[in-house]
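Worksheet for the structure shown next.
Protein chains: 4
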Amino acid sequence: MSGNTFGVLFRVTAFGESHGAALGCVIDGCPAGVPVDKAIIARELERRKPGGDAPDAAPASTTRREADEPDILSGVFEGKTLGTPIAVIIRNHDHYSGDYDALRDVYRPGHADWTWEAKFGVRDHRGGGRSSGRETVGRVAAGAVAKSFLSQYGVVIQAWSSSIAGVAAPAPGDPSFSLALAESNSLRMPAPSEALEEILAKIERLRLEGDSGGGVVTCVVRGVPPGLGEPVFDKLDARLAQAMLSLGAAKGVEFGAGFASADSQGSLLNDTPYQSAATELLTPAMAPDGVPPMSFKTNNAGGVLGGISNGMPLEFRVAFKPVPSISKKQTTIDRAGSVRELVVKGRHDVCVVPRAVPVVEAMTALVLADMFLLQWRNWQRN
Amino acid sequence: MSGNTFGVLFRVTAFGESHGAALGCVIDGCPAGVPVDKAIIARELERRKPGGDAPDAAPASTTRREADEPDILSGVFEGKTLGTPIAVIIRNHDHYSGDYDALRDVYRPGHADWTWEAKFGVRDHRGGGRSSGRETVGRVAAGAVAKSFLSQYGVVIQAWSSSIAGVAAPAPGDPSFSLALAESNSLRMPAPSEALEEILAKIERLRLEGDSGGGVVTCVVRGVPPGLGEPVFDKLDARLAQAMLSLGAAKGVEFGAGFASADSQGSLLNDTPYQSAATELLTPAMAPDGVPPMSFKTNNAGGVLGGISNGMPLEFRVAFKPVPSISKKQTTIDRAGSVRELVVKGRHDVCVVPRAVPVVEAMTALVLADMFLLQWRNWQRN
Amino acid sequence: MSGNTFGVLFRVTAFGESHGAALGCVIDGCPAGVPVDKAIIARELERRKPGGDAPDAAPASTTRREADEPDILSGVFEGKTLGTPIAVIIRNHDHYSGDYDALRDVYRPGHADWTWEAKFGVRDHRGGGRSSGRETVGRVAAGAVAKSFLSQYGVVIQAWSSSIAGVAAPAPGDPSFSLALAESNSLRMPAPSEALEEILAKIERLRLEGDSGGGVVTCVVRGVPPGLGEPVFDKLDARLAQAMLSLGAAKGVEFGAGFASADSQGSLLNDTPYQSAATELLTPAMAPDGVPPMSFKTNNAGGVLGGISNGMPLEFRVAFKPVPSISKKQTTIDRAGSVRELVVKGRHDVCVVPRAVPVVEAMTALVLADMFLLQWRNWQRN
Amino acid sequence: MSGNTFGVLFRVTAFGESHGAALGCVIDGCPAGVPVDKAIIARELERRKPGGDAPDAAPASTTRREADEPDILSGVFEGKTLGTPIAVIIRNHDHYSGDYDALRDVYRPGHADWTWEAKFGVRDHRGGGRSSGRETVGRVAAGAVAKSFLSQYGVVIQAWSSSIAGVAAPAPGDPSFSLALAESNSLRMPAPSEALEEILAKIERLRLEGDSGGGVVTCVVRGVPPGLGEPVFDKLDARLAQAMLSLGAAKGVEFGAGFASADSQGSLLNDTPYQSAATELLTPAMAPDGVPPMSFKTNNAGGVLGGISNGMPLEFRVAFKPVPSISKKQTTIDRAGSVRELVVKGRHDVCVVPRAVPVVEAMTALVLADMFLLQWRNWQRN
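Chains as they are written, first to last, in our numbering: chain A, 1 to 382; chain B, 1001 to 1382; chain C, 2001 to 2382; chain D, 3001 to 3382.
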């Protein structure tokens, strides 16, 4: 597999350019009988939109307004999947390609304009073509189907913005920390809006300066049965790492104690096992026969040991760089090789992190759905 | 692809348990005519060995002594690859399986003992079976072939220990920093041994305490032509991230400015392009037709833009957790679910980081060789 | 790869049910710069339609009339491919699903109704769902792109009906044989219509009897450079065999002398080599360096030796069974397990073979395009 | 997947040249707990050997005597598979490479000598290198593991020579037909040796003339549960067709009524369904929930409908061309492009068909094991 297809059994092929006719995905290998309809896909697409579905304003996002209505072309019959490929398309409507004419022959700093030409010899310059963040609608649509599949087994994926533009969200333990509130504000931070004033002020400052910010998304998955992951090359964390770094602005990923592990000691970092109740397992079929149920007193491992889920919550963080499109003046070169000064126009996010939250969840769902299906053949023994 | 095969065109299948008959790999898809012999594979295996080939003592490593002599079974004829699969095996000799009998029914903290049983219902308990770090000999053997392939195009991969047990190596710019010296000491740090005393002392302290340490490996690749990487799911950094997190003790990876990007601003982080000389490209075939040669004034991107190499050095860091096998007393449970106190015997590394250096290089080589072959069909246009 | 994705580098993912919203395909891995537009896809779809584009009537085909207008959603910019995934959809219009209501709970003999339920536990009963011959529109759309790619290298694929309902078309050497005429009649036979009276009469007789017929499609490809095919499992003929048997009604495939080889002798069957002119090769890059150009006095091998193209025309035949939908009364069982008498209504082909011709060509094009791209890395050496 | 790896979940990577150090395979994805030891692999390798294990002489085979002792290097622990990759090697011993020195610069008619050079620019000329029939030892070793896996579910694969050198074996219904006797004679024909005199005489005549013969292998698989096969591209028959045509001398394959279907009529060819007993299904998990058990009064389909197994015996035939190595004088060209007369020396089979029987079975087992694992995720619903 390579390029625009992801997964072995639960397999997504994504397509579409930012300003082409449509974007979308084909999901092959999803088992039959999974509830899927337009609404569950639309809901996730809505979360990905600029400003998303949060009740407050969307200070960090572009003002581009996309309808993003999904059209399910195949694979679903009478509200359930057929076992055949599920094709979903999202037509592009709101694109002022004219904004981009000036960019046909110039390479934007921090963007993939030049590398795509270096690779393919050509590019669709309108809105970054397929290197645009807009390509993630295909991922999110597919992720909605994967989430529906996973929810049958009690798997719950939740991501949030844990840091934006250098300002951290309240941490677990902080009085204002509330995971339940993460979807209630446009920053997707786990706190009431009033606790986020510093970050909102920082974003406003960046916007006024014509600059942009980055941030970190944290993702936690509960209800993952032990046994997921395909060593040695497709370990659960390895595939998640691929999934996360496949996102446009991602520059790093860490699991559990992550980079801090490097400075720790074995005696401090090893999570101590204890015997848990078998009933914590999802289904009897997933209970490893003759293997005692186990849990751990801490979760420095982030839910993965030796590349296989250990039944603890999966936990990882993804670092996103600042949006490269800024309205501050920058220097670059054009197709002729001449130096050019550039002020990027168009409608851009100041910080992509809140919108990355549902995308991180979608990619996580795709990895987990695939790992579930890959593990069936081992559960079968029971 | 999943499990024990990695890559699309330059494709490695690895096999072997820590205390089984042999470990090894089959490399399929390597073009014909690449110089390969026992010596180039043995040299890389030697670097992976406890203590490696460094002239000084090996304070961080296990005292297990493996011969690790590679046996090339196929795919090489008269010193060059045939284009057919290259099978390499390394027999296991020095294994005192008796050391492990006590571990048959107990699950070591921080190890994959229990998760492998939860997945497969069974495990080879001797030395961790296939979850052992020893499985990396197959990766290193394959990586040696990939390096030989890449060296035809001037690609040079060099990794080193940039931090061990919480103590950083001298940084670039520090008077004692010298990349040339990285292979001259057993820590694989880019400095003369005398500059590393603090780290050596820290390791010795950990050993005496029966504890262990982690660290960070930095990898830099020079001579990467622009255009490598297969968006959107098999971006160059995505595949490298998978490769790195597939390593047993890896807990995080970051590219270029990495996690620090998240706190920066677009105006500071965007690397400024300038026109470079076409002659810096590797071969005329790799020069993108009609696209101006480009270079960048900084390398915050770490050599990857939009998932495609941009001609700058690839640069990334991998965090490794401390070795979980410690001789300090720990609590765990056994197969019956009873609580057990455990002191891990056997010969173990205090810190695996120096030995991880050649493994990181090997995985990097495998990713790059595959990406080279995948890009051929685009270069062909010229 | 499995299921609805085909190919390694030139990779097609097909989707769509007979009476769903749309059918289509996503082509990933097609190099940039290949001329593709709606017209070249529409032309091939037209050939696949009942009655096709032949000037005479369509005595062998269903009277269902599909518009089959392709909509290119992505991957093509200013008339050429971008290197990104090319999504093409064909909306379904002319479907009288009511025709099929009676079939919701009954399993048609010779059809996949029951096996699809046995596999997935569910099916879209309308028109056979994805087991319908209509799914081939996705293949044909993708094949049109593959043909455009291949035509850049002078590869010409031509298939025809060599036997229908037990009556053979004129054979090469017969005075009425004319490959040029294969597309001029609705049977796609290489002869003037007047030479085909016996077959037309046989088809008419079958129609009147409410019965159906099968036939054989022969495919010849000229301009295939030597070196295509990936031993040992993805030999050129192995992949073509998979491609052909993936077609709904196909029951056999043979290459060159085929089944007749089994009764022959080595001294009669070996094709005698002779030195050909290097100029017969497509491009200098495809000329194997240091290997003499070669041709063969006969083509019993059908253009493949050891699974690799030998520069002679590829030649193979595919056997198709009679259309299972007949209006003669048949016995079957229904969902309750009760015996039922069945007369299949709806509009069905008497013989699918003429319409299979462009589908055989499309699948051939997909295999060859993939094999071209896979071979690039070997040609690169020159 | 391509080249030397076959399968999606039950995945075999084969390697080795005819006169290299060793041949073998790595099987990845085989579930844990399958009984595997040296003996079950050795038994199948024995069947593949010249003369095989049949009690009578081996009139059709080469006199080369290979020990073919398998060495299991990994993936098996205490007599059962671990779920990790199973590496098996078979060392080459009996190779008189000297026999082949004369062939270094000459291209044998009917062999892949020239096409491999055209592809790779180089070849191992000794015994055909990897294009030799000897490469099938890796397939047979892997097939033995697949058979052990399948036998857990009652799947029984049996192939035999149904025609050799133009003379057919007794057909089912013929008084001398006895499938039980197929393994009792060196021709692997389902009849007592005395009924095979005509064929033995024909082979002897070919040997004296320095010529060779081909033949047909028929394969029947009983106990295949309904539901195996992955439409639309990886239908059960499509993957079997690939598997069969990947064999060196195979020139055709047909399923059920095969090529004869093409001349039949729907009313004659459709197999009539009837309700069978649920108990005929292998396991309750494989019983499609809410779908009535079904069987068929005839088996023209050969056990596959719409690319999915229908519970009837799988039945197909593979045509093999005559061995191209003959001692009759032939004309060819050499590396310099000069015409050469050639008499192929060395020890060669007169007819490869009896030895192909276990290879056909092995490839069938590999396809079925993979299809079983791919279907697990659908059976899981029950």
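Glycine residues also receive a C-beta, built at the ideal position from the N, C-alpha and C atoms. Source: prediction; values computed, not measured.
Within 8 Å, strictly: CB atoms of residue i and residue j
i	j	result
asparagine 1185 of chain B	phenylalanine 233 of chain A	no
phenylalanine 2316 of chain C	phenylalanine 2255 of chain C	yes
glycine 2229 of chain C	glycine 2133 of chain C	no
isoleucine 1086 of chain B	glycine 1024 of chain B	no
leucine 1314 of chain B	valine 1304 of chain B	yes
Nearest-angstrom Cα separation, counted from residue j out to residue i
i	j	result
serine 3246 of chain D	glycine 1306 of chain B	39 Å
methionine 3363 of chain D	glycine 3143 of chain D	6 Å
valine 253 of chain A	alanine 1262 of chain B	12 Å
leucine 1373 of chain B	glycine 1223 of chain B	16 Å
tyrosine 2274 of chain C	glycine 2154 of chain C	23 Å
alanine 365 of chain A	isoleucine 199 of chain A	29 Å
arginine 3239 of chain D	arginine 2239 of chain C	9 Å
valine 1167 of chain B	tryptophan 1376 of chain B	42 Å
leucine 1150 of chain B	threonine 1136 of chain B	20 Å
arginine 11 of chain A	glutamine 380 of chain A	21 Å
alanine 1102 of chain B	glutamine 3152 of chain D	33 Å
glutamate 3197 of chain D	isoleucine 3157 of chain D	27 Å
asparagine 3382 of chain D	proline 2109 of chain C	Note that asparagine 3382 of chain D scores 42 on pLDDT, short of 50, meaning its location in the model is unreliable; the coordinates nonetheless yield the value given after this. Cα-Cα distance, rounded: 26 Å.
tyrosine 2107 of chain C	tryptophan 2116 of chain C	10 Å
asparagine 2299 of chain C	threonine 3084 of chain D	45 Å
Three-state secondary structure assigned by DSSP to residue i
i	result
phenylalanine 3233 of chain D	coil
tyrosine 100 of chain A	helix
isoleucine 2027 of chain C	strand
glutamate 1361 of chain B	helix
glutamate 1069 of chain B	coil
phenylalanine 3177 of chain D	coil
phenylalanine 2010 of chain C	coil
methionine 1294 of chain B	strand
isoleucine 1326 of chain B	coil
serine 2148 of chain C	helix
alanine 3201 of chain D	helix
Contacts that residue i makes with chain B (C-beta to C-beta distance below 9 Å)
i	result
leucine 3023 of chain D	Leu1073, Ser1074 and Ala1087
Beta-carbon neighbours of residue i, restricted to chain A and to distances below 8 Å
i	result
histidine 1111 of chain B	Leu305 and Gly306
glycine 3083 of chain D	Asn378
Interface partners of residue i on chain C, CB under 9 Å
i	result
lysine 3080 of chain D	By Cβ distance, chain C contributes nothing, its closest Cβ being about 27 Å from lysine 3080 of chain D, past 9 Å.
Where residue i meets chain D, residues with beta-carbon distance less than 8 Å
i	result
aspartate 1028 of chain B	Gly3003, Asn3004, Thr3005, Thr3013 and Phe3015
Under 7 Å by beta carbon: chain D residues contacting residue i
i	result
glutamine 2242 of chain C	Ala3238, Arg3239, Ala3241 and Gln3242
leucine 9 of chain A	Arg3377
aspartate 2289 of chain C	Gly3121
Partners in chain A for residue i, counting only beta-carbon separations shorter than 9 Å
i	result
glutamate 1254 of chain B	Lys251, Gly252, Val253, Glu254, Phe259 and Ala319
beta-carbon residue i near the ligand MN non-hydrogen atom, thresh 7 Å
i	result
isoleucine 2308 of chain C	As far as ligands go, the structure on display features none, and thus does not contain the ligand MN.
With 8 Å as the C-beta to C-beta threshold (strictly closer), list the residues of the region 309–332 of chain A near chain B in chain order. Ser309, Asn310, Gly311, Ala319, Phe320, Lys321, Pro322, Val323, Pro324, Ser325, Ile326, Lys328, Gln330, Thr331 and Thr332
Output, in sequence order along the chain, the residues in the region 1355–1380 of chain B whose CB is closer than 7 Å to any CB in chain C. Leu1373, Trp1376, Arg1377, Asn1378 and Gln1380
Counting only Cβ-Cβ distances shorter than 7 Å, please list the residues of the region 1028–1045 of chain B near chain D, keeping chain order. Only Asp1028, Gly1029, Ala1032 and Gly1033 from the region 1028–1045 of chain B bring a Cβ to less than 7 Å from some Cβ of chain D.
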